[in-house]
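Numbering (our numbering), first residue to last: 4 to 794.
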């Protein structure tokens, strides 16, 4: 330690190994300086004398009650003030305390203020020429006066905040004493010019409200789960034993969430760093991004290891659609989904786009194929947007593109507006018709309604191979007819994601929901293997075979086919060179026949209805032949592996070994520990003995955990990987205006216009052209045909 004497200012400066450089108010050289001599250092009137100390400064680990150099009572942490009787402390008693640092002194004085009925603010500091703080003032929260800026402005939109300052002179000043390196009370004024608050009111002052680290972790964890702030506050209050036991208010929760959002200066960079951190612990993680000319994030795609493995098993069918208003930039979110062996929706990948042009969807599909190692789906379902359709035709030429039935019906309602056409179109699209029957019904419908010249109807027929069920028979769609699984996914995500969320929040919330979906799959696996299904059909052997093979959900869908297949009748049998062809009909309905081809050598079955090829489950016509042949076990040729209990055998061990369970698990554990510790805190603060025992136990356990962590880090050595950013030049995406932004066309007076007839006062659902209703005297009162007749 180096010591110097300033002859001009008559003070001493000290430079210690811990970086302590101060000026002392005492002009005498301390006795702990050595006799090795002093040398002059400085210029002009500022002359310093330097010397070497014989020993380092006193230890800082003294507990309360011990005298350090005869200077008073040491306070090194808030644990040292538990037994102080604050009501009996006066100015003389308070000046006996000295503190490890300024923060401990502030906490000490603030706790004193809480007992007395006020709170404390940090005020002025004094620095030496080395820029080191040597003095600090703590003042009453009512010290000073508010500035008059804009206080009396007449056009203020907001009510002026109440006046809280009244020039109170109460304060505590602490100064640094170089001999001990500790902070002592140099001045204490306890005269207030305002009334003190009661205990409960005093605890509500901002300086006495504090969110602990455990509370913050629990708060963010519950927010990711979609719990509202009010519910979180009520839950914490209930766990604490009442609202009076909490150390904060609801507004503190809101402020804390704002602070968490403000921590990340660049949202795009934070997302990329987050995904890169996931990739460091998930060997199968795939992610990619693209930026525009200005460096703004333009496109982002990611798929974790489980999603990529799921696609290898269940990737025959892919559905995707864009959802909107899920982030503060307005960027569309594209979620690519499929269906697993429990008929649950699963996520294959997710993309964030700044526009919905064809090039954007081409980029998404390129990244998707790269993530899935080039494997292409055999069928794709979308809402029919031209950009999507063109991108699919370019990147997935072998996949059969199916248009969503729900969107087509909505478009028919919007473009034609005739309920008779919508009803007939639905029959043509979804009915169990032959190709000839489909064409006959379609042309009759168009002719009866005089829609031959309607361009939308003509274009719809040209795309019939993309929506007519009879023209797609035999192509596997796993039961998909609409993008409802995408819409359901969007709805569920929308419960916890809002338009004001950042991209990082969306990614974190979305991954949490994906984890929940995967847990549902584990639960369904459990229900499929635990217990045996109760047999209910007359073909119990076949039913038991199906129950052993299929998952519980698929088996319940297959059981009705067993019931109807058991009553099928064989009309005739035709033998060919390669197989036997059975003609079957339903009981008492011999007019309609289906033909089932059976190859005895290969034990294969094919039906003219092609249900097996379309849905992956044998139809009731094939079941009738199995019953006719007395087959008691479903042949392997009729069992599609993707619907079996063992569908994901190839993925065993992968999720546990290679996939990270995100940081939400750590936050959940933190919240659980906080909840469990509250009861211990409430019981441990009742008496002095219980308090000391609780503190002792916690201190020992903390030391044990720290030692374990240090040993783990030391053993890891250079193997500990720290994610490197590398995204300094990536900027946040620009705010975009997507078609899902909720914009509506309005009239002159702000009323909404109908998108069909462009008139005000109603929408397309209640439009006279759609519902055949009459508008009376130009008003918005709608009268139906029946009402008009009564009138």
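Cβ coordinates follow ideal geometry from the N, Cα and C atoms, glycine included. This one's a predicted model, so the numbers in the text were calculated from it and none came from an experiment.
May I ask you to report which of helix, strand or coil DSSP gives residue 460?
Correct three-state label for residue 460: helix.
Quick check: what's the CA-CA separation for residue 652 versus residue 488?
25 Å
Integer-rounded CB distance, given that residue 507 should sit under 8 Å from residue 273
5 Å
Neighbourhood of residue 529 by C-beta, 8 Å cutoff - its chain only, sequence neighbours within 5 removed:
none
Option nearest residue 550 by Cα separation, candidates 637, 372, 381, 588
The candidate whose alpha carbon is nearest that of residue 550 is 637.
Buried/exposed call for residue 286, threshold 16 Cβ in 10 Å
Per the 10 Å Cβ criterion, exposed.
Are three or more beta carbon pairs between the stretch 170-182 and the stretch 133-145 nearer than 8 Å?
Yes, since at least three Cβ pairs between the stretch 170-182 and the stretch 133-145 fall closer than 8 Å, the two stretches touch.
Between the Cα of residue 306 and those of 350, 166, 341, 330, spot the shortest distance and give me the residue it belongs to.
350
If you draw a straight line from the C-alpha of residue 539 to the C-alpha of residue 354, how long is it?
46 Å
Per-residue DSSP class, three states only, for residue 172
Three-state DSSP puts residue 172 in coil, outside helix and strand.
Nearest-angstrom Cα distance between residue 682 and residue 239?
12 Å
Boundaries (first-last residue) of the beta strand (DSSP E) holding residue 392:
Not the beta strand (DSSP E): residue 392 falls in the alpha helix (DSSP H), residues 389-398.
Three-state secondary structure assigned by DSSP to residue 592
strand
Length of the line joining the Cα atoms of residue 622 and residue 610
8 Å
Can you name the start and end residues of the beta strand (DSSP E) that residue 610 belongs to?
607-610
From what residue to what residue does the beta strand (DSSP E) around residue 363 run?
Here residue 363 belongs to no beta strand (DSSP E); instead the alpha helix (DSSP H) covers 361-374.
Identify which residue in 645, 363, 545, 257 has its Cα closest to the Cα of residue 214.
257
Spatial distance of residue 413 from residue 329 (CA atoms)
24 Å
Between the C-alpha atoms of residue 131 and residue 88, what's the straight-line distance to the nearest angstrom?
Roughly 36 Å separates the two Cα atoms.
Rounded to the nearest angstrom, how far is the Cβ of residue 542 from that of residue 646, given a contact under 8 Å?
Contact doesn't hold; Cβ gap of about 19 Å is too wide.
Leaving out five residues before and five after residue 401 in sequence, what residues of the same chain have Cβ atoms less than 7 Å from its Cβ?
379
Helix, strand or coil for residue 275? Go by DSSP, reduced to three states.
In this structure, residue 275 counts as helix in the three-state DSSP scheme.
Which residues bound the alpha helix (DSSP H) around residue 326?
First-last for residue 326: 320-326, but that is the beta strand (DSSP E), not the alpha helix (DSSP H).
If you follow the alpha helix (DSSP H) that residue 3 is in, where does it begin and where does it stop?
Any answer about residue 3 is impossible in this case: the structure gives the chain only from 4 up to 794.
Continuous beta strand (DSSP E) stretch holding residue 531: start and end
Careful: residue 531 lies outside any beta strand (DSSP E), inside the alpha helix (DSSP H) at 506-532.
Starting from residue 403, trace the alpha helix (DSSP H) in both directions and tell me its first and last residue.
Residue 403 -> not in any alpha helix (DSSP H); beta strand (DSSP E) instead, spanning 403-406.
Would you tell me roughly how many angstroms separate the C-alpha atoms of residue 430 and residue 475, rounded to the nearest one?
Residue 475 has its alpha-carbon roughly 15 Å from the corresponding atom of residue 430.
Could you give the DSSP three-state label for residue 1: helix, strand or coil?
Residue 1 is absent from the model: the chain starts at 4 and stops at 794.
Counted within 10 angstroms of its Cβ, other Cβ atoms place residue 565 as buried (16 or more) or exposed:
buried
Residue 299 bridges to which residues according to DSSP?
734
Quick one: residues in its chain with C-beta nearer than 8 Å to the C-beta of residue 69, no 5 flanking neighbours on either side, listed in chain order?
Confidence at residue 69 is low in this model, with a pLDDT of 40, below 50, so the placement of that residue should be treated as unreliable; the coordinate-derived value is given next. 76, 77.
Helix or strand or just coil, what does DSSP make of residue 257?
helix
On the three-pair Cβ rule with 8 Å, is the stretch 379-388 touching the stretch 478-487?
yes
On a Cα-Cα basis, can you pick out the residue from 372, 692, 346 that is closest to residue 561?
Closest option to residue 561, Cα to Cα, is 346.
Inter-stretch contact at 8 Å, needing at least 3 Cβ pairs: the stretch 421-428 / the stretch 437-450:
yes
Report yes if the CB atom of residue 147 is closer than 8 Å to the CB atom of residue 170, and no otherwise.
yes
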